[in-house]
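>
In this note's numbering, the protein residues as written are 4 to 316.
1. If we ignore side chains and look at the alpha-carbon of each, how far apart do residue 194 and residue 90 end up?
2. Can you list, in chain order, the residues of its chain with a C-beta nearer than 6 Å to that of residue 272? Leave out the 5 residues immediately preceding and following it.
3. Ignoring anything shorter than 3 residues or poking outside the stretch 241-296, list the beta strand (DSSP E) runs there in chain order.
4. Identify whether residue 232 lies in helix, strand or coil by the three-state DSSP scheme.
5. Should residue 36 be labelled buried (16 or more other beta-carbon atoms within 10 Å of its own) or exposed?
6. Please report the straight-line C-alpha distance between residue 74 and residue 60, rounded to a whole angstrom.
7. Could you round the C-beta distance between residue 162 and residue 284 to whole angstroms and report it? I think they count as a contact, below 8 Å.
8. Under three-state DSSP, which class holds residue 46?
9. How about residue 204 and residue 196: do their beta carbons lie closer than 8 Å?
10. Select from 175, 135, 224 the residue whose C-alpha is nearest the C-alpha of residue 108.
11. Can you tell me which of the three DSSP states residue 210 falls into?
12. For the stretch 237-245 and the stretch 218-227, state whether three or more C-beta atom pairs, one from each stretch, are separated by less than 8 Å.
13. For residue 117, does the three-state DSSP call read helix, strand or coil?
14. So residue 282 and residue 177 are supposed to be a Cβ contact under 8 Å. How far apart are they, rounded?
15. Contact defined as beta carbons within less than 8 Å: I believe residue 280 pairs with residue 173. What is the distance between those atoms, to the nearest angstrom?
16. Would you call the stretch 146-158 and the stretch 290-300 in contact, with 3 or more CB pairs under 8 Å?
17. Helix, strand or coil, according to DSSP, for residue 238 in the structure here?
18. Shortest alpha-carbon distance to residue 104 belongs to which of 62, 93, 131?
19. Tell me whether the beta-carbon of residue 198 lies closer than 8 Å to the beta-carbon of residue 233.
20. Could you check where the beta strand (DSSP E) with residue 227 kicks off and where it finishes?
21. Name the residue from 18, 270, 65 whose alpha carbon lies nearest to the alpha carbon of residue 190.
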């Protein structure tokens with residue numbers, strides 16, 4: 004900001020516009036609830052500041068000079084911009100304006116995030132919401148890099164100590180089989196009955212948390228999973244199962260999206276070992292109000308879910 008511009012305050016602009024609108028120092032002074040001499044002095048100071056005569060004064064009255072006409076147009080624009088700046092600032096402070104970047108893994112889109120996104124956009128239309136999909140490992144990297152404000156992922160993963168992690172919903176791993184599989188008629192499946200099967204698994208490189216969890220479950224059941232194919236996206240794994248490449252263990256939320264050629268069956272095992280926690284991760288310090296609003300919306304949508312959906316999400 005230049006030195007001259009920094010000397011211009013909004014009160015001076017309001018005083019000028021009062022005179023410009025009434026073309027009378029007396030009427031303008033009454034309008035501004037001030038005496039006429041101080042108003043006349045204020046306009047003279049403004050003219051000195053602008054190095055331009057704004058009014059022609061005569062016994063017949065006051066009228067704007069060409070320079071005054073220009074300043075009137077700019078003054079109206081300036082006040083409009085000031086009003087807009089104040090409005091946006093106040094809305095940002097309330098979490099009603101700004102932008103929020105959200106990182107998420109595929110399962111978060113099965114039930115949790117669509118409802119939260121819809122509710123947030125309805126309540127805060129002035130906030131720009133940008134979504135970034137990835138694996139839990141990738142979402143964690145986004146958080147560390149500051150690319151996203153909030154990340155929805157499955158822990159454990161590498162996160163800084165200042166990143167808060169809170170569980171929103173708990174899913175349970177389920178067996179995903181081709182429709183014609185020999186165990187398709189079973190109401191629930193023991194893990195050891197899958198010992199001879201080919202598995203399509205989460206990539207150990209791309210989704211290490213889930214890959215290691217499923218591998219540990221199989222080893223606890225007495226066998227090492229025979230991996231036919233690895234993938235990062237759940238949709239890819241379901242496609243591989245549908246194509247007969249192998250069976251898989253996936254979060255139970257996939258039951259809402261499976262094609263007709265694939266079936267899901269509960270797994271008979273320690274429920275605690277099958278749990279998959281869907282968590283929100285974020286840095287509490289420096290989190291914008293808009294991001295806090297989105298986080299609150301996700302929490303509220305989780306609370307409103309029926310217990311059966313929370314447990315099978």
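Virtual Cβ for every residue (Gly too), placed ideally from N, Cα, C.
All figures in this text were calculated on a predicted structure; none of them were measured in a lab.
Here's the rundown:
1. The sequence position of residue 194 within the chain shown is 191, counting from 1. The sequence position of residue 90 within the chain shown is 87, counting from 1. The alpha-carbon atoms of residue 194 and residue 90 are separated by roughly 59 Å.
2. To locate residue 272, count along the chain shown from 1; it is residue 269. Within the same chain, and ignoring the five residues on either side of residue 272 in sequence, the residues whose Cβ sits closer than 6 Å to its Cβ are 194.
3. 251-254, 265-268, 278-285
4. Translated into the one-based positions of the chain shown, residue 232 becomes position 229. Of the three classes helix, strand and coil, the one that applies to residue 232 here is strand, per DSSP.
5. Mapped onto the chain shown, residue 36 falls at position 33. Burial is judged here by how many other beta carbons sit within 10 angstroms of a residue's own beta carbon; residue 36 has fewer than 16 and is exposed.
6. Taking the chain shown and counting its residues from 1, the one referred to as residue 74 is at position 71. Taking the chain shown and counting its residues from 1, the one referred to as residue 60 is at position 57. So the two alpha carbons sit approximately 17 Å from each other.
7. Against the chain shown, residue 162 aligns to sequence position 159. Against the chain shown, residue 284 aligns to sequence position 281. Residue 162 to residue 284, Cβ: 6 Å. Contact.
8. The sequence position of residue 46 within the chain shown is 43, counting from 1. If DSSP states are grouped into helix, strand and coil, residue 46 belongs with the helices.
9. Taking the first residue of the chain shown as 1, we reach residue 204 at position 201. Taking the first residue of the chain shown as 1, we reach residue 196 at position 193. The answer is no: Cβ separation not under 8 Å.
10. The residue given as residue 108 occupies position 105 in the chain shown. Answer by Cα proximity: 135.
11. Taking the first residue of the chain shown as position 1, residue 210 is located at position 207. Residue state, collapsed to three classes: coil.
12. no
13. Working through the chain shown from its first residue, we reach residue 117 at position 114. Here residue 117 sits in helix by DSSP.
14. If you number the chain shown from 1, residue 282 lands on position 279. If you number the chain shown from 1, residue 177 lands on position 174. About 20 Å separates the two Cβ atoms, so there is no contact after all.
15. Counting from one through the chain shown, the residue named residue 280 turns up at place 277. Counting from one through the chain shown, the residue named residue 173 turns up at place 170. With 8 Å as the limit, residue 280 and residue 173 qualify as a contact, their Cβ atoms being about 6 Å apart.
16. Contact between the stretch 146-158 and the stretch 290-300 is established, with three or more Cβ pairs separated by less than 8 Å.
17. Position 235 of the chain shown, counted from the start, is the residue given in the question as residue 238. Of the three classes helix, strand and coil, the one that applies to residue 238 here is helix, per DSSP.
18. Position 101 of the chain shown, counted from the first residue, corresponds to residue 104. The residue with the shortest Cα to Cα distance from residue 104 is 131.
19. As a working note, residue 198 is residue 195 in the chain shown. As a working note, residue 233 is residue 230 in the chain shown. In this structure, residue 233 does not lie closer than 8 Å to residue 198 by Cβ.
20. Walking along the chain shown from the start, residue 227 turns up at place 224. First-last for residue 227: undefined, no H or E at that position.
21. What you label residue 190 is simply residue 187 of the chain shown in a count that begins at 1. It is 270.
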